Amino acid sequence: MEYKWDETKNEANIRKHKIDFSDVPAVFKGAMLIDYADRFDYGEDRWIGMGLLYGIVVVVVFTEPGEDTLRIISARKGVATEAESFGYG
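Here the sequence shown is numbered in the numbering used here, starting from 4 and rising by one per residue.
Set out below in structure tokens:
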């Protein structure tokens with residue numbers, strides 16, 4: 004699997020959420036809850052995944068632009084209710 008992202012977006016994500024996209028592929032190696040992101044029409048299929056990154060529940064928004072490619076859009080620490088739905092808290 005190849006992981007891609009926009010480096011400018013990654014830098015903004017690090018400032019805002021303290022999560023570097025280069026660490027996020029580890030989330031996809033473990034158990035995840037994944038749902039389709041249909042809140043808005045993004046002009047592409049987007050997915051919201053929740054999993055563990057270094058023992059912390061994180062929420063990742065991503066697309067699958069190719070069969071073996073994931074593009075990371077955002078990543079943040081899950082809030083308490085999200086952590087509870089993943090079995091933590």
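Idealized CB from N, CA, C, for every residue including glycine. Bear in mind that the values here come from a model prediction, so they are computed numbers and not experimental data.
Decide if residue i is buried, meaning its Cβ has at least 16 other Cβ atoms within 10 Å, or exposed.
i: Val-61; result: buried
i: Ser-77; result: buried
i: Gly-81; result: buried
So, under 8 angstroms CB-CB, residue i and residue j are touching, yes? Tell me the CB distance rounded to an integer number of Å.
i: Ile-7; j: Arg-49; result: Before going on, a small fix: residue 7 reads as Lys here, not Ile. Incorrect: roughly 14 angstroms between the Cβ atoms, too far for contact.
i: Asp-23; j: Asn-13; result: 7 angstroms
i: Val-64; j: Ala-40; result: 6 angstroms
DSSP state of residue i, grouped into three classes?
i: Ala-40; result: coil
i: Arg-18; result: helix
i: Glu-98; result: Since the displayed the chain opens at 4 and closes at 92, residue 98 lies outside it and no answer follows.
i: Ala-29; result: helix
i: Glu-5; result: strand
i: Glu-70; result: coil
Among all the DSSP beta bridges, which residues are the ones paired with residue i?
i: Ile-59; result: Leu-56
i: Ala-34; result: Answer by DSSP bridge pairing: none, since Ala-34 is not bridged.
| query | Any chance the stretch 51–66 sits against the stretch 78–90, with 3 or more Cβ pairs inside 8 angstroms? | reply | yes
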